[in-house]
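Residue numbers (this note's numbering): 34 to 456. The beta carbon of each residue, even a glycine, is placed where N, CA and C say it ideally should be. Since the model is a prediction, treat every value here as computed from it, not as a measurement. This report concerns only the one structure given below.
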């Protein structure tokens, strides 16, 4: 597929560039690596002398990348992280040494990519991936941490051969692209592995397809539940990897399983921090939009989770909390497993505030209501937007109540925007 470059902006703002990138390709997703590989070769994007970690998975990618990043930085390694999507600012997608890349650097990178691609078609995500790699190369970082956008095998990040492939969790999501079974989805995510390479599998119940790929490629893998374990009580937890263990770790602010997976990755790369530093990281590392408290009285917690596995984890967290009344604010995308996702929270005594999500993929609030259990439907109300739903929840809640906002990055972003102080 070829596209014209005549409309490419010159000397424009980041917002103008992003608008152009959204319009330059007829589809949001076009799986396949040949096109982006050609452009990457023209840009001389290789990192053979660097440490590259690629992280795939249905849930937990962002927090796993965050822990890896912070552990590397604390040990004096310069670090670049590429993640998606963003919450409030596109620049969140590239962090160089814990700082968002400046907007002008993105603009300069997009201009260089636009010139290099000539008549090769690139999607919005592919442009962003190449820009991220350019910025990391320019910064000459020691460690690149690449979060897969969709699947793994055909994702744009997979043009780079990783020193370590990390797979966090596997659940049904993006079935139209990845397959409708955990086995099929697991095989797609395993596509980030390389022959005779190294891998860490953080999914406690991996589908057989993962083991098949590991064996066929002769990959040296560490498996959750087999090679590394979590032992947890109400106040602390322990990480056990073979004969090595670290005890009295503080309960983390991100999922413990993702911390354990990140520690296994650092172990494989001979970059595991000292126990005292791991304890500090366990208590300190967090990531916006992941079980993040954004307000008190009432307490408001936001989480970008939007599939059954993520909701099961969210439910477990809610059940560990103390509150007077529970309120859910949600908006979802219509191509997600809405019924199965909402079912994971069924039976919790709560009021539901359902908002319509804007955009072509957005689900109307009435669709969410129809997919709630009958008892929850009686405790729910529909609103024209997530913002309206959130405003009503705040109005109705008592200071001792808990409001949980979930459903997508768009949902959380809408609510976080509403809580920002005036400019």
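- Taking all protein chains shown into account, residue 404 has 16 or more neighbouring C-beta atoms within 10 Å of its C-beta and is therefore buried.
- Beta-bridge partners of residue 264 (DSSP): 271.
- Contact check for residue 440 and residue 326: beta-carbon distance about 17 Å, past the 8 Å limit, so the pair fails to qualify.
- At the C-beta level, residue 100 and residue 335 stay beyond 8 Å of one another.
- Counting the other Cβ atoms within 10 Å of the Cβ of residue 105 gives 16 or more, which makes it buried.
- DSSP, reduced to helix, strand and coil, places residue 398 within a helical segment of the structure shown.
- For residue 439, DSSP records a beta bridge to 336 and 363.
- Annotation: the continuous beta strand (DSSP E) that includes residue 281 extends over 277–283.
- A distance below 8 Å separates the beta carbons of residue 255 and residue 233.
- Nearest C-alpha to residue 143 among 51, 290, 417 and 71: 51.
- Looking only at 281, 330, 303 and 295, the smallest Cα-Cα distance to residue 312 is reached by 281.
- As the crow flies, the alpha-carbon of residue 243 is around 41 Å from that of residue 420.
- Along the length of the stretch 403–447, whole beta strand (DSSP E) runs at least 3 residues long occupy 413–416 and 435–439, reported in chain order.
- Contact fails between the stretch 339–346 and the stretch 408–426, because fewer than three Cβ pairs, one in each stretch, are under 8 Å apart.
- The Cβ atoms of residue 276 and residue 270 lie no closer than 8 Å to each other.
- Short of 7 Å from the beta carbon of residue 240, and not among the five residues preceding or following it, lie these beta carbons of its own chain, in chain order: 203, 215, 216 and 219.
- Relative to the Cα of residue 178, the nearest Cα in the group 117, 395 and 451 belongs to 117.
- 8 Å or more divides the Cβ of residue 445 from the Cβ of residue 333.
- Under the DSSP definition of a beta bridge, residue 385 partners with 361 and 413.
- Taking the CA atoms as reference points, residue 231 sits about 48 Å from residue 413.
- Residue 50 has no beta-bridge partner at all, per DSSP.
- Apart from sequence neighbours up to five positions away, the residues of its chain that approach residue 396 with a beta-carbon distance below 7 Å are 365, 366, 367, 371 and 390, ordered along the chain.
- Taking residue 94 as the centre and dropping the five residues before and after it, the same chain places the C-beta of 88, 116, 180, 181 and 201 closer than 8 Å to its C-beta, in chain order.
- When Cβ pairs closer than 8 Å are counted between the two stretches, the stretch 186–197 is seen to touch the stretch 75–89, the count reaching three or more.
- Remark: C-beta atoms of residue 387 and residue 430 do not approach each other more closely than 8 Å.
- Straight-line measurement puts the Cα of residue 189 at about 7 Å from the Cα of residue 162.
- Taking the C-beta atoms as reference points, residue 130 is found nearer than 8 Å to residue 111.
- Judged by their CB atoms, residue 288 and residue 346 are nearer to each other than the 8 Å cut-off.
- As the crow flies, the alpha-carbon of residue 357 is around 29 Å from that of residue 120.
- When C-alpha distances from residue 315 are compared across 107, 81 and 72, the shortest belongs to 107.
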